[in-house]
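Just so you know, we're using this note's numbering here: the sequence shown kicks off at 30 and counts up by one. Ideal Cβ placement from N, Cα and C applies to all residues, glycine included. A short worksheet on the structure shown next.
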Amino acid sequence: MQLLKGEDMNKKLWFKPRDETGWSKNQSPEVRRRHLLSATDKRKTLRKRYLEAGRKALALANVTKDKVTKKKARSDAEYFFKKLR
């Protein structure tokens, strides 16, 4: 990958979420999970929506450096993945 003049390698590798979910670490677990689920495609089945919401939360947990955010996002992802079973 060739960088343009003045570009930083870290800019190219940083995570960019595709849509706004409304998720915040200061919210209760029920509200956070409701926001994640409402950010998924309503035309999909509930099972696929749970999978998509879990993946969104896991993506956030994998890129954040804040320990509280990582812990809460991972717990939300595990919640949705357990609902799939």
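Beta-carbon proximity list for Ser-57, same chain, < 6 Å, skipping 5 on both sides: none
Please classify Lys-101: is it buried, with 16 or more other beta-carbons within 10 angstroms of its beta-carbon, or exposed? buried
Is Thr-98 helix, strand or coil by DSSP? helix
Using C-beta distances below 6 Å, list every residue in its chain close to Glu-81, excluding the 5 sequence neighbours before and after it, in chain order. Thr-69
Please report the straight-line C-alpha distance between Lys-73 and Phe-109, rounded to a whole angstrom. 15 Å
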